[in-house]
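Numbering-wise (my numbering), the sequence shown opens with residue 2 and increments by one.
Even for Gly, the Cβ is constructed at its ideal location relative to N, Cα and C.
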Amino acid sequence: MANISLDAINTINTRLGQANAITTLLMADCDSNTPINEELRSYALDAVSDLINDSKKLFRSETERKEAKNERV
């Protein structure tokens with residue numbers, strides 16, 4: 002398991018929580034008789050994608066930073 006900071010973990014969890022909230026909205030949309038419009042749906046899916054990609058980048062950079070620090074020690 003990578004050794005990353007608590008701040009990074011909290012940031013990732015926050016972003017994934019936001020992605021989960023958007024996903025929940027989209028799932029409710031699927032069950033609704035009055036679905037959200039295509040533009041809003043597209044925006045929501047892009048937002049989820051961005052949040053997940055940002056979390057991956059943060060995790061990767063944090064892991065690389067810790068590995069570089071460990072190599073110097």
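Residue i, DSSP secondary structure in three states
i, result
"residue 50", "helix"
"residue 10", "helix"
"residue 37", "coil"
"residue 5", "coil"
Alpha-carbon to alpha-carbon, residue j and residue i
i, j, result
"residue 42", "residue 14", "23 Å"
"residue 49", "residue 23", "7 Å"
"residue 52", "residue 72", "30 Å"
"residue 64", "residue 16", "18 Å"
Beta-carbon proximity of residue i to residue j, cut-off 8 Å
i, j, result
"residue 10", "residue 67", "no"
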